[in-house]
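This report refers to the structure that appears directly beneath it.
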Amino acid sequence: MKKIKKKKQYKHRLKCIEEDVKVIANFIERNHLADEFKKTTGLADEAWHHISNIEIACDLEDESSLGWGNLLEK
């Protein structure tokens with residue numbers, strides 16, 4: 000396999016995750032499971048928030064996820 004620079008590799012991996020999250024969200028909607036995702040998970044008011052958090056975190060133009068958790072403190 001061709002050697003890919005780390006930054007380009009990370010961007011590619013994030014794009015793959017972002018695309019899969021969209022597929023999962025569409026699957027949930029198509030199969031009338033959206034009401035289940037409106038329930039709390041214990042960590043978020045709605046399970047949908049976890050999906051939107053993944054979308055936000057994958058968007059390298061959006062810096063809001065950089066304040067989540069304590070990963071940057073390490």
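According to the working numbering, the residues represented by the sequence shown are 0 to 73, in order.
Glycine residues also receive a C-beta, built at the ideal position from the N, C-alpha and C atoms.
Query, Result
"Using 8 Å as the Cβ pair cut-off and three pairs as the minimum, do the region 2 to 17 and the region 45 to 59 touch?", "yes"
"Would you say I50 and A33 are within 7 Å of each other, going by their C-beta atoms?", "no"
"Ignore the nearest five residues each way along the sequence and tell me which others in F36's own chain have a CB closer than 8 Å to its CB.", "I27, E45, A46, W47 and I50"
"Would you mind working out which of W67, I53, N69 and K1 sits nearest K21, comparing C-alpha positions?", "I53"
"For D19, which of helix, strand or coil comes out of DSSP?", "helix"
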